[in-house]
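Enquirer: Quick one: structure below, then a few questions.
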Amino acid sequence: MIRRWFWGLIGCWLACGAAAAQESTFAAVSRQVNQKMVKIFGAGGYRGITAYCTGVLISPEGDILTVYSPTLDSVDLRVHLYDGTRHSAVLVAAEPQLDVALIRIKDREPFKLQPLPHVDLGQLPPPPQVGDWILAFSNSFEIATGDEPVSVQRGVIAAITPFAGRRGIHRAAYQGTAYILDAVTNNPGAQGGLITNRRGEPLALIGKELKNTLTETWVNYAMPLPALASFAAKAMKGEYKPIVREEDKPLPNPGRHGLILVPDVVDRTPPFVESVETGSPAAQAGFQPDDLILFLRAKRPDAVEEEEEQVVTSVKTFREAMNALPPGTAVRCVVRRGSQLLTLEFKLEPAR
Amino acid sequence: MTISPCRTWIGLTLVWSLLTTSLAWGWAWPGADDLEAALERGTKSAAQAAGPSVVQLQTVGGKEFVGSGQMTMQRGRGPTTGLIVSDDGYIITSSFNLAHQPSSITVFITGRNDPLPAKIIAQDQTRMITLLKVEAQGLPVPRWAAKSELKLGQWVLALGRTWSDSPQAPPSISIGIVSALDRIWGKAIQTDAKVSPVNYGGPLIDLDGKVVGLLCPLSQRGEDDVAGAEWYDSGIGFAIPMEDILRVLDQLKAGKNLERGLLGVQFQPTEALDATPTISLVYPHSPAEKAGLQAGDTIIEVDGQPIARTSQLRHRLGPKYAGDTISLKVKRDKEEIAIPQLPLIAPPKYQQMAWLGIAPVRDDPSWEITIRYVFPESPADQAKLEAGDKIVNVEGRPVPGREGLAARIGGAMPGSEIKLGVRRKNGKMETITVKLAAISGAALLADLPPGSAKKALAPRQPPPGMMAPPRPTRPEATKPETAKPVTKGFIETEDPVLGRKTWTYVPENYDPNVSHGLLVWLHPAGDPMQAAMRSIWEPLCQQHHLILHAPLADNPSGWLTSEADLILQDVRGLLQTYTIDRQRIVAHGLGQGGTLALFLGMDAPEVFSGVASVGGVWVQSAKEPRPGQRLFFFLASGGKDPNIEAIRVVKERVSERQYPIWTVDIPDLGTGYLPDADLLRRLVFWIETLDRI
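Protein chains in written order, with the working numbering: chain S, 1 to 352; chain B, 353 to 1045.
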């Protein structure tokens, strides 16, 4: 339907602008970007995993950047280029932590003579702003095959934000800054599609179908290309090593604060203070029973800066946060006492 | 995600009009680039202008799930959006954002690093808007646009704060057009911008940065605070016009909760919106009653506008608040009666059900109601009514069947007096005045004479002088469409697609001319109790004309509230097959099944008239009773049930709502079923007298 919109739009221009015989900007941009898009076909077709997705050419010899998914784990991975030619491809590198993968056309010989049009990740436009208009190119719902152009949608950068998402109960792999899009782009098969600005300059890679934990609604997001460029460069050279990310794990001996919260009985027990151990860091900081903890910031003993502020939404989130902090950590809490907000600070002691 | 063709056409028309406008301005052919660039610039500057008035709300605590039944949603953990409406700290938001009833609300405002604690001042329950207050001065108030400035098809932006990771970040933007005005019974602007929990509570603004409305989930079907949220991001979004909010802002600031304005009457129930608005019941002591409205009157004009259908009436009354005054014109027989000033009332709160103290004879095609039994010491007993007397009219107007009488009496106030036209056993007509009392939950055990005239399939006779009987609020026993033979005995079903299983027992002596009670058995978690229930209930079903239906939980660990809809489908299916008395449909459960029975009764009181729970606990349902809504409770609890404290809460909650309750405390019982024949006899008797009036 979106495509019909576009063709309708272009038709409009042609109809009333016969004098202006040159091609519309939209059509030109669309044609030029389409040459860099590939349709990927692999494993899947069951349990909600589609057997197709989208990718972007990033080298003249057939290196393709796409979103990592089980679709790519196939012995018979195939890509269709814009001109309808079909090629076998192979998965070169995947970074589950970034949710991206690099695949490569197996037979690179023909492209040495006739280089492929591609996105140059070394020459990206300045990052967009909220409110910028964008175009989204993807083979969502497998509408295009062979030499058909992929589907184009129009939208706006709705927000630029650190990403929080989930599929089912798992957290999203991608944790960097994301562009939230005002267009329903994240459909089956759209992952690996390209977001460009109005002039067709590449901005970001369309992500997966995800629900976000902030609102429990489906989210349309894309991952900025600069965040993926170093992965792509190393993967093309065959030098890529997967990221090992440190997780916030509960410590064997977390620091002691002396706050006793109300019993955790419901899903989201509000973090009210039940009592404060006498002489504890929390008591010295002035905590009182019935204080409601709202936010906390921690500065670990070896850290230079404070960590990002955390919203304490329940007894559980408070416990999880505190169990990951060692003795010596400086903690700053914002608490609500009646209708007042107070900032209370203390330093965690070694556990007794 | 579907996008309708009509959206394409709106889009095309828009592009066309933009083009032709610019052509008319001197035939300059606009580059597509210029056009987009201008709109892009306009978008950003509008968002920038309104942005500082859009605040972020962060809540702590509250429920994990909001809404009820099919519209249950998991509540997100992220922040939501609000809009500053006065520089001294008043903020409005969508009630959706607070539906989880948080313990604390804090507000982040652009330009201030520290959050401010907020308190709830009042709610507009017609438009699901909540007013908050923070202690602050000099806050940025947005400019706003009047409704008259709004044009169909104009560009608008929906702004939200969920994605803002700091108060300094710009609000999120979704672009769309005004798709329609005066939507949802005249209350809302419709837009195709993406409206969702990401921006509920935020403003819908025009390209000048002026606020035109507040983004809210709305639905013409539901009225609770999450209704309409199922349409998020679909291209169907709503905003309450800012003009309408500002009109009532002072009342909200004064702490007044605004409620929907009602006429204080009920109409003949029908699914069809093209029905004629003919009154079936006037609430006692309401302004409508004082103004002289009567059952049978048809509303033909509101505020000078002609009304032909119930939907038009809803459209006229939709935007009104309780306390607003309207003018009305009704048609009574051939006469037109004008009521120049009728104040609207708030949705009525709980009210005790009144009763006469009789059991009527069932399955009687006559429009007169024959008394089967008079309960001792009831109002009917005191007025010397006797079994065999026939009730011919109430206040001089014929009453169609026992449901009509039940609705008429149940909706009256206990203590009020009512005149009955009665044909005594000796054939003499008398007018008898009865002082109604509150119905008692515990029905006295008595030997009742047979209840059925055994003519359930016979056509109903209209009262003399009337063409056909008016539809009663609850049809007499639902009759199967044909009298063809039906399956009797023990019946098991399994849904081939869902794998869902049920079993049903229809007594071998089933007679389609006798209306049957329906007992829906909801087993405790993990134990279907099939053999035990069959051996207890099959003889009772035969003896007392009952059908027993038992769905099995999908999950061995227990029932989910989402299974309620499937159970309601079961009941509808049985109603089409068997002659079932809608006055005696009972949800009956043990343990967690009892909890589901309580939920079903509160959630679908139009289907169930009784809830019999053994050891069930209370779960909040969004629905509340209307006056005249008949719902009876039989609450049994075991003294040794580890859940006894929670089970006792049920009685409090049901009593608060003024439903008649019969409680049975069994000191030696743990988590098991009713242990002896006497208790079962009481339950059977309670079911048998559910149609008492």
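The beta-carbon is built from N, C-alpha and C at its ideal position, and this holds for glycine as well.
Determine whether the beta carbon atoms of B/Gly434 and S/Thr217 lie at a separation below 9 Å.
Expert: no
Enquirer: So does the region 689-708 of chain B actually touch the region 607-614 of chain B, counting three or more Cβ pairs closer than 8 Å?
Expert: yes
Enquirer: Based on DSSP bridge pairs, tell me the residues matched to S/Trp218.
Expert: Under DSSP, S/Trp218 shares a beta bridge with S/Lys211.
Enquirer: Can you name, in chain order, every residue of its own chain whose Cβ lies under 7 Å from the Cβ of B/Thr1015, other than the five neighbours on each side?
Expert: Leu987 and Lys1003
Enquirer: With a 10 Å radius around its C-beta and 16 neighbouring C-beta atoms as the bar for buried, classify B/Lys736 as buried or exposed.
Expert: exposed
Enquirer: With DSSP as the reference, please indicate the residues paired to B/Thr1023 in a beta bridge.
Expert: DSSP lists no partner for B/Thr1023.
Enquirer: For S/Leu341 and B/Gly414, I'd like the C-alpha separation in whole angstroms.
Expert: 19 Å
Enquirer: Looking at the unbroken alpha helix (DSSP H) that takes in B/Ile791, where does it start and where does it end?
Expert: B/Ile791 -> no alpha helix (DSSP H), and no H or E assigned at all.
Enquirer: Mark B/Glu623 as exposed unless 16 or more other C-beta atoms lie within 10 angstroms of its C-beta, in which case mark it buried.
Expert: In this prediction, B/Glu623 scores a pLDDT of 49, lower than 50, which makes its location untrustworthy; the coordinate-derived value is nonetheless stated afterwards. Per the 10 Å Cβ criterion, exposed.
Enquirer: Which two residues bound the contiguous beta strand (DSSP E) that contains S/Met236?
Expert: Taken as a continuous stretch (DSSP letters only), S/Met236 belongs to no beta strand (DSSP E), being part of the alpha helix (DSSP H) at Leu225 to Lys237.
Enquirer: Leaving aside the five residues before and after S/Arg352 along the sequence, list all residues of the same chain whose C-beta is less than 6 Å from its C-beta, in chain order.
Expert: none
Enquirer: Quick one: which chain S residues come within Cβ less than 9 Å of B/Asp585?
Expert: Val184, Thr217, Trp218 and Asn220
Enquirer: Can you grab the Cα-Cα spacing for the pair B/Gly946 / B/Asp517, in whole Å?
Expert: 45 Å
Enquirer: With respect to the beta strand (DSSP E) encompassing S/Met37, which residues constitute its N-terminal and C-terminal limits?
Expert: Met37 to Phe41
Enquirer: Residues in its own chain within less than 8 Å of S/Val38 by CB, not counting five upstream and five downstream?
Expert: Thr54, Gly55, Val56, Leu57, Ile64, Val79, His80, Leu81 and Tyr82
Enquirer: Determine the direct distance from the alpha carbon of B/Thr1023 to that of B/Gly709, and round the result to whole angstroms.
Expert: The straight-line gap from Cα to Cα measures roughly 35 Å.
Enquirer: So, at 6 Å on beta carbons, what are the nonlocal neighbours of B/Lys562 in its own chain, with the 5 sequence-adjacent residues on each side left out?
Expert: Arg495, Trp496 and Ala497
Enquirer: Which residues in the same chain as B/Ser679 place their Cβ atom closer than 6 Å to its Cβ, once the five residues preceding and following it in sequence are excluded?
Expert: Asp655 and Pro692
Enquirer: Going by DSSP in three states, B/Asp707 sits in which element: helix, strand or coil?
Expert: Note on identity: in this sequence residue 707 of chain B is Trp, with Asp being the wrong assignment. For B/Trp707, the three-state secondary structure derived from DSSP is strand.
Enquirer: For B/Met954, which of B/Arg1005, B/Ser989, B/Ala690 and B/Gly991 has the nearest alpha-carbon?
Expert: Relative to B/Met954, the option among B/Arg1005, B/Ser989, B/Ala690 and B/Gly991 whose CA is nearest is B/Arg1005.
Enquirer: Look at the alpha carbon of S/Pro327 and the alpha carbon of B/Ala470, and state the distance between them as a whole number of angstroms.
Expert: Distance from the CA atom of S/Pro327 to the CA atom of B/Ala470, rounded to whole angstroms, is 34 Å.
Enquirer: With distances taken Cα to Cα, identify the nearest neighbour of B/Pro467 among B/Gln408, B/Gln935 and B/Lys539.
Expert: The residue with the shortest Cα to Cα distance from B/Pro467 is B/Gln408.
Enquirer: Which stretch, first to last residue, makes up the alpha helix (DSSP H) that contains B/Lys1003?
Expert: Here the alpha helix (DSSP H) through B/Lys1003 covers Ile996 to Glu1008.
Enquirer: Give a yes or no on whether the minimum CB-CB distance between B/Glu392 and chain S is below 9 Å.
Expert: Interface annotation, B/Glu392: in contact with chain S, CB-CB separation under 9 Å.
Enquirer: Go to S/Arg104, then tell me how far its beta strand (DSSP E) extends in each direction, as first and last residue.
Expert: Val100 to Ile105
Enquirer: What did DSSP end up calling S/Glu320 once you bin it into helix, strand or coil?
Expert: helix
Enquirer: Would you mind telling me which residues of chain B sit closer than 8 Å to S/Thr213, beta carbon to beta carbon, in chain order?
Expert: Gly428, Arg429 and Gly430
Enquirer: Which term fits B/Arg714, buried or exposed, when burial requires 16 or more other beta carbons within 10 angstroms of its beta carbon?
Expert: buried
Enquirer: Does any CB atom of chain B fall closer than 9 Å to the CB of S/Arg268?
Expert: S/Arg268 counts as touching chain B.
Enquirer: What's the gap between the Cα of B/Arg982 and the Cα of B/Pro848?
Expert: 36 Å
Enquirer: Using 10 angstroms around the beta-carbon of B/Lys787, count the other beta-carbons present and answer buried if the total reaches 16, otherwise exposed.
Expert: exposed
Enquirer: Which class does B/Asn609 belong to by DSSP, given the choice of helix, strand or coil?
Expert: coil
Enquirer: Alpha helix (DSSP H) containing B/Trp537: first to last residue?
Expert: Arg535 to Gly538
Enquirer: Put B/Val1036 into one of helix, strand or coil per three-state DSSP.
Expert: helix
Enquirer: Just grab the DSSP bridge partners of B/Lys562 for me.
Expert: Per DSSP, none; premise fails for B/Lys562.
Enquirer: Across the region 219-230 of chain S and the region 256-271 of chain S, are there enough close Cβ pairs to call them in contact, namely three or more that are closer than 8 Å?
Expert: no
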